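Asks: Numbering (this note's numbering), first residue to last: 592 to 835. Built from N, CA and C at the ideal position, the CB exists for glycine as well. A quick note: this is a predicted structure, and the numbers were derived from the prediction, not measured. Okay, here's the structure, questions in a sec.
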Amino acid sequence: MICLGSNMKKYHLVIWLALGLFSSQASAANAQTEIRDFLKTLFSDNNQYVSELSHAHLAEYLEQQNPRATIVACADSRVQSNAFHSSPENDLFFIRNIGNQIQSAQGSVEYGINHLHTPILLIIGHSHCGAIQAALGDYSKESPAIRHELDFLHLPKAGTVDEGVIENVHQQVAFALKKFKDKVRKGELIVVGTVYDFRDDFGHGHGRLILIDLNGEKDAVKLKNHEYIKGLDGIAIGGSEKTQ
Ligand SMILES: [Zn+2]
Numbered sequence: 592m593i594c595l596g597s598n599m600k601k602y603h604l605v606i607w608l609a610l611g612l613f614s615s616q617a618s619a620a621n622a623q624t625e626i627r628d629f630l631k632t633l634f635s636d637n638n639q640y641v642s643e644l645s646h647a648h649l650a651e652y653l654e655q656q657n658p659r660a661t662i663v664a665c666a667d668s669r670v671q672s673n674a675f676h677s678s679p680e681n682d683l684f685f686i687r688n689i690g691n692q693i694q695s696a697q698g699s700v701e702y703g704i705n706h707l708h709t710p711i712l713l714i715i716g717h718s719h720c721g722a723i724q725a726a727l728g729d730y731s732k733e734s735p736a737i738r739h740e741l742d743f744l745h746l747p748k749a750g751t752v753d754e755g756v757i758e759n760v761h762q763q764v765a766f767a768l769k770k771f772k773d774k775v776r777k778g779e780l781i782v783v784g785t786v787y788d789f790r791d792d793f794g795h796g797h798g799r800l801i802l803i804d805l806n807g808e809k810d811a812v813k814l815k816n817h818e819y820i821k822g823l824d825g826i827a828i829g830g831s832e833k834t835q
């Protein structure tokens, strides 16, 4: 019986190895198809872009860039500039990382503010952010590099992911106001905190960019009457989660 049991184990092991090999080959084949499809789209879309490119527009930035905004956004693939800017070239100095944070990208942010002199620093968080979710939980088993970036986020462990998203944007704005306080004081820089809500978690509609912080002002009524906002139509303000 022992001998039979041993043979059965070997038999099962062979089956599992064969299945594992098959599964690994299948996933490699799937990855190959996905990669090929992506590269096809990438270069095809670029061909389309080149064919429609305005040379007058291109001439504006051949020698140097002149963006109006430095942006710090989450690297999440669901957050893209086409949701809020129809012509981002030469206007957005775009920095992305997990959790839309300044501290892990300070060199890039300083370059945008101190060398390119953008008058706007825009922080963009987003609903249901995986980085915020991770930072709120136990991420001790992540790789050192991921832990290193998440360690910059200091969020209260209680509360929902979306509450963490809002709190993180406010913290990033506060950090920037301190870091660039002279420019802010002189009126050369404004720090804007927003949340891109593709899920409609905050009740302003799917895909809305919501203003939640302007130079540290978080109150929705005061934001509405802020000198930079007053009189402008169609601005979603305030980041309270829907209750239903
Ligand atoms: Zn995210």
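From the DSSP output, in three-state form, read off Glu832 for me.
Replies: For the purposes of this step, residue 832 is identified with residue 241 of the sequence shown, where counting begins at 1. Residue state, collapsed to three classes: coil.
Asks: Measuring only the C-alpha atoms, how far is Ala725 from Ala647?
Replies: For the purposes of this step, residue 725 is taken as the residue at position 134 of the sequence shown. For the purposes of this step, residue 647 is taken as the residue at position 56 of the sequence shown. Whole-angstrom Cα-Cα distance: 45 angstroms.
Asks: Give the list of continuous alpha helix (DSSP H) stretches no shorter than 4 residues that lie fully inside the region 727-760.
Replies: As far as the region 727-760 is concerned, its whole alpha helix (DSSP H) runs of at least 4 residues are 735-741.
Asks: Using the DSSP secondary-structure output, state which residues sit across from His717 in a beta bridge.
Replies: Position 126 of the sequence shown holds residue 717. Answer by DSSP bridge pairing, in chain order: Tyr787.
Asks: Taking just the CA atoms, how far does Ile757 sit from Gly807?
Replies: Walking along the sequence shown from the start, residue 807 turns up at place 216. Walking along the sequence shown from the start, residue 757 turns up at place 166. Computed Cα separation, rounded: 13 angstroms.
Asks: For the beta strand (DSSP E) containing Asp804, list its first residue and its last residue.
Replies: Numbered from 1 along the sequence shown, position 213 holds the residue referred to as residue 804. Looking at the DSSP string, the run of the beta strand (DSSP E) that includes Asp804 is 799-805.
Asks: Which first and last residues belong to the beta strand (DSSP E) in which Leu683 is found?
Replies: Locating residue 683 in the sequence shown gives position 92, counting from the first residue. Here the beta strand (DSSP E) through Leu683 covers 683-688.
Asks: So, for Cys594: in the same chain, excluding its five sequence neighbours on each side, which residues have a beta-carbon less than 8 angstroms away from its beta-carbon?
Replies: For the purposes of this step, residue 594 is identified with residue 3 of the sequence shown, where counting begins at 1. Reliability fails at Cys594, whose pLDDT of 47 lies under 50, so the model's placement of it is uncertain and the value that follows must be treated cautiously. Within the same chain, Cys594 has no close Cβ partners at all.
Asks: From the DSSP secondary-structure annotation, give me the bridge partner or partners of Glu779.
Replies: To locate residue 779, count along the sequence shown from 1; it is residue 188. DSSP output for Glu779 lists no bridge partner at all.
Asks: Here's the rule I'm using: 16 or more other beta-carbon atoms within 10 Å means buried, otherwise exposed. How should Phe634 be labelled?
Replies: Numbered from 1 along the sequence shown, position 43 holds the residue referred to as residue 634. It is exposed - the Cβ of Phe634 has fewer than 16 other Cβ atoms within 10 Å.
Asks: Contact defined as beta carbons within less than 8 angstroms: I believe Asn691 pairs with Gly721. What is the distance between those atoms, to the nearest angstrom?
Replies: If you number the sequence shown from 1, residue 691 lands on position 100. If you number the sequence shown from 1, residue 721 lands on position 130. Going by Cβ atoms, the distance from Asn691 to Gly721 rounds to 12 angstroms, so no, they are not a contact pair.
Asks: Among Pro658, Glu779, Tyr787, whose alpha-carbon lies nearest the alpha-carbon of Ser718?
Replies: By one-based count along the sequence shown, residue 718 stands at place 127. The shortest Cα separation from Ser718 among Pro658, Glu779, Tyr787 belongs to Tyr787.
Asks: Please indicate yes or no: does the CB of Asn691 lie closer than 8 angstroms to some heavy atom of ligand 1?
Replies: What you label residue 691 is simply residue 100 of the sequence shown in a count that begins at 1. Answer for Asn691: yes, Cβ within range of ligand 1.
Asks: May I ask you to report which of helix, strand or coil DSSP gives Leu712?
Replies: In the sequence shown, counting from the first residue as 1, residue 712 sits at position 121. Reduced to three states, the DSSP call for Leu712 is strand.
Asks: How many Å lie between Leu712 and Phe684 at the Cα?
Replies: Position 121 of the sequence shown holds residue 712. Position 93 of the sequence shown holds residue 684. Each residue's alpha carbon lies about 9 angstroms from the other.
Asks: According to DSSP, which residues form a beta bridge with Val663?
Replies: Looking up residue 663 in the sequence shown gives position 72. Paired residue(s): Ile686, Ile714.
Asks: Using only CA atoms, which one of Tyr819, Lys772, Ile693, Arg776 lies nearest to Leu741?
Replies: Working through the sequence shown from its first residue, we reach residue 741 at position 150. Considering only alpha carbons, the answer is Ile693.
Asks: Do the CB positions of Ile714 and Val782 come within less than 9 angstroms of each other?
Replies: Within the sequence shown, residue 714 is the residue found at index 123, counting from 1. Within the sequence shown, residue 782 is the residue found at index 191, counting from 1. Taking 9 angstroms as the Cβ cut-off, Ile714 and Val782 qualify as a contacting pair.
Asks: For the alpha helix (DSSP H) containing Ser645, name the first residue and the last one.
Replies: For the purposes of this step, residue 645 is identified with residue 54 of the sequence shown, where counting begins at 1. No alpha helix (DSSP H) contains Ser645, which DSSP labels as neither H nor E.
Asks: What do you reckon, is the C-beta of Val670 under 8 angstroms from a heavy atom of ligand 1?
Replies: Numbered from its first residue, the sequence shown carries residue 670 at position 79. Yes - ligand 1 has a heavy atom lying nearer than 8 angstroms to the Cβ of Val670.
Asks: Can you pull the DSSP bridge partners for Ala827?
Replies: Taking the first residue of the sequence shown as 1, we reach residue 827 at position 236. Answer is Ile801, bridged to Ala827.
Asks: Look up Glu818 in the DSSP assignment and say whether it is helix, strand or coil.
Replies: As a first step, residue 818 must be located in the sequence shown, where it is residue number 227. DSSP places Glu818 in coil when its eight states are reduced to three.
Asks: Report yes or no: do the region 816-834 and the region 797-804 share at least 3 C-beta pairs separated by less than 8 angstroms?
Replies: Yes, since at least three Cβ pairs between the region 816-834 and the region 797-804 fall closer than 8 angstroms, the two stretches touch.
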